[in-house]
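The structure appears below as structure tokens.
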Amino acid sequence: MKIKDVRSMKLTMQLKSRSYDIILKAGCLANLHQFTNVANRKVFVLTDSGVPAEYAQTVAAQCPDSTVYTIPRGEGSKCLKVYGQVLQAMLAFGMDRKDLLVSVGGGVVGDLGGFCSASYMRGIDFVNCPTTVLSQVDSSIGGKTAIDLGETKNIVGAFWQPKVVLVDFDTLKTLPRRQVVNGLAEALKTGIIGDPQLFALFECEHPEDNIEQIVYRSLKFKKKIVEQDEREGSIRACLNFGHTIGHGIEAVRGVRGRRTTGLYHGECVALGMLPMIEDTALLKRTRAIYRALGLPTRAGANKEKVLAYMQHDKKARGDHITVIKCPGLGCWRADSLPMTELPALLGME
Ligand code: GLY
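Read in order, the letters of the sequence shown correspond to residues 1 to 349 in the UniProt record's numbering.
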């Protein structure tokens, strides 16, 4: 992928004592030492086997007392076993309360590393360095950290904000196109519900050439939401647009990373967004973007099974489930739907 050389950009997540900077700059992994104290403490660098090893090494090389710990790539590492192994390794490295964990990788490394930081000695400092489009546009900020319990995603976790987030665009150069598009789907989500200018970037001939602007605008919108509702008591739920059906498809088709024939998270979210768009003109434009990017427009999943999964969704409350709908570009609405309306939403009637 071509990355335009742009000047650096910065956002600041304003959360009182938990505020932090989000640095967006090609090559910024090499500048970690400028943004956080790495001189007088142990630094545990967590990465996975799918991430080029030099990224974690670039971080570790700036820290006089550091270690790199590599977990197996894929969603399967967000489990109790690997979580325990990372904590054991942190203890063996002799870390105490003033030390630091740095995650270098995609959402799995960010979520797991964040949760290890949140729980080790009741909480230590955490720096997140997302290296995939998906983690750069979404999961790297906002403080949601978690692991899965079996097939139940993100069910054990904590809100734990990082001290700084380094978004290094250079790390995207090595990503396969399908991985890039996987992340772009989550950014498109943001454009649809909250930012028509971001949506417009996807209607250009080569959206991936605007990746810095896409990442920046996605994070800017998410930052605004998290600042108002850090713990998802209300409006943060809008970020789940496409996820209710998307998680159902993910469970049935299998998530890529766990299963080789599975779909990527962003692809499932993309499929989950389509039934939630109420404006037919917008739906048409969105489908055209999917076709241009190579995103799926049909799930190829057994709808009965998707329905069964949604009926047991952890966000379901009794006989109702909350879904986010989009009545028009840049708008969203939370609807509490009776379960009986789900089949129609899935096009089963
Ligand atoms: N990825 C959705 C959120 O952080 O709330």
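Yeah, the Cβ is synthetic: ideal placement off N, Cα and C, and Gly gets one too.
Under the three-pair Cβ rule at 8 angstroms, the segment 26-39 does not count as touching the segment 73-90.
Runs of the alpha helix (DSSP H) spanning 4 or more residues and lying entirely within the UniProt domain "3-dehydroquinate synthase C-terminal" (183-316) occur at 196-202, 211-228, 243-253, 265-273, 280-293 and 303-311, in chain order. The criterion of a C-beta distance shorter than 8 angstroms is satisfied by VAL137 and VAL215. In this structure, LEU46 and GLY113 form a Cβ contact; the two beta carbons are roughly 4 angstroms apart against a cut-off of 8 angstroms. The C-beta of ARG217 has 16 or more other C-beta atoms within 10 Å across all chains shown, which makes the residue buried.
Note on ASN37: under 16 other CB atoms within 10 angstroms of its CB, so exposed under the neighbour-count rule. Between the segment 232-249 and the segment 291-310 there are three or more C-beta pairs closer than 8 angstroms, enough to call the two in contact. Within the same chain, VAL45, SER66 and VAL68 come within 6 angstroms of ALA60 by CB-CB distance, once the 5 residues on both sides are set aside.
Two segments are said to touch when three or more pairs of C-beta atoms, one from each, lie closer than 8 angstroms; by this definition the segment 165-185 touches the segment 124-143. Remark: C-beta atoms of TYR264 and ARG253 do not approach each other more closely than 8 angstroms. Exclusion of the five residues before and after SER77 leaves ILE71 and VAL108 as the residues of its chain whose Cβ lies within less than 6 angstroms of its Cβ. At a threshold of 7 angstroms, LYS144 counts as near the ligand GLY, since its beta carbon sits closer than that to one of the ligand's heavy atoms.
Restricting attention to LEU342, LEU15, SER8 and MET9, the CA atom closest to the CA of GLU230 is found in LEU15. Under the three-state reduction of DSSP, ARG177 is assigned to helix. Under DSSP, LYS10 forms a beta bridge with ILE23.
Note on SER103: 16 or more other CB atoms within 10 angstroms of its CB, so buried under the neighbour-count rule. Contact holds between the segment 315-334 and the segment 232-243, because three or more Cβ pairs, one in each stretch, are under 8 angstroms apart.
Between GLY328 and ASP195, the C-beta gap is not smaller than 8 angstroms, which leaves the two residues out of contact. Within 7 angstroms of the C-beta of GLU232 there is at least one heavy atom belonging to the ligand GLY. Under the three-state reduction of DSSP output, PHE93 falls in the coil class, being neither helix nor strand.
With 16 or more other Cβ atoms from the protein chains shown falling within 10 Å of its own Cβ, CYS129 counts as buried. Here VAL127 is not near LYS98, since their CB atoms are 8 angstroms or more apart. Annotation for SER139 indicates a beta carbon within 7 angstroms of some heavy atom of the ligand GLY. Across the structure, ILE155 and GLY94 are spaced so that their CA atoms are roughly 29 angstroms apart.
Collapsing the DSSP output to three states places CYS28 in a helix. Distance from LEU175 to THR132 at the Cβ level is roughly 6 angstroms; contact confirmed, criterion being Cβ atoms closer than 8 angstroms. DSSP places ALA146 within a strand segment (E or B) once states are collapsed to three. For SER119, there is no enclosing beta strand (DSSP E); the enclosing alpha helix (DSSP H) covers residues 107-119. Under DSSP, HIS320 takes part in a beta bridge, and its partners are ARG317 and PRO338.
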